[in-house]
Each structure stands twice: as C-alpha cells, then as structure tokens.
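Enquirer:
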Amino acid sequence: MKKLIRRARSQTPPFFRKIRNVGLVLTAIATAIATLPVALPAMVVTISGYAAAAGATATALSQLTLYEEPLDWQHEE
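Per my numbering, the very first residue in the sequence shown carries number -5; after that it's consecutive.
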C-alpha cells in the first residue's frame, strides 16, 4: 500500500498527465449525462456508464505511472 501511495505522489510523465486529464474530462461528462434529470434512452445511459468507468480507469492508471530519467547506455567499442 505504501508503494501505491508513493507512486501516486511522485511526478507523472507529461504524456500520462495528458491522458489523466482526458480521463478526468471523460468521467465528468459521462457522470453529468448519467445524472441528468431528464429521461434518456437506455443506450445513452449505458454508454455514459462505460465511459465513466473507462475515464476513471485511465485517470487512475496514468496517475500511478512513474517518471524516471532515461538510462544512459554507453556502448563499449
């Protein structure tokens, strides 16, 4: 558990920050659609539920990705 907390607090690579932000937006839009106070077709509500799950998963996995310096490989000739 401590390892997950450390990973969540560490720096996230720029590419995964973009994925995290897209996941947050997708989750927010899907949640807003699912909780609208109007009757929507069942297919729309179902798709918004799947979109919310996909967005939350992308956000969580992106946040747990670590940034590490690239290895400097020196080739001996």
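Just so it is clear, CB atoms sit at the ideal spot from N, CA and C, and this is done for glycine as well.
With a threshold of 16 other CB atoms inside 10 Å of the CB of alanine 52, please say whether the residue is buried or exposed.
Expert: Counted from its first residue, the sequence shown places residue 52 at position 58. Result: buried.
Enquirer: Considering only their Cβ atoms, is the gap separating threonine 59 from threonine 6 smaller than 8 Å?
Expert: Numbered from 1 along the sequence shown, position 12 holds the residue referred to as residue 6. Numbered from 1 along the sequence shown, position 65 holds the residue referred to as residue 59. Yes, the Cβ-Cβ distance between threonine 6 and threonine 59 is below 8 Å.
Enquirer: Distance, Cα to Cα, lysine -3 vs alanine 46?
Expert: Locating residue -3 in the sequence shown gives position 3, counting from the first residue. Locating residue 46 in the sequence shown gives position 52, counting from the first residue. The straight-line gap from Cα to Cα measures roughly 26 Å.
Enquirer: How far does the alpha helix (DSSP H) with threonine 6 in it reach, from first residue to last?
Expert: The residue labelled residue 6 in the question sits at position 12 within the sequence shown. That residue, threonine 6, is in no alpha helix (DSSP H); it is neither H nor E in DSSP.
Enquirer: Exposed or buried, what is serine 56 when buried is set at 16 or more other beta-carbons lying within 10 Å of its beta-carbon?
Expert: For this step, residue 56 is matched to residue 62 along the sequence shown. Its Cβ being crowded by 16 or more others within 10 Å, serine 56 is buried.
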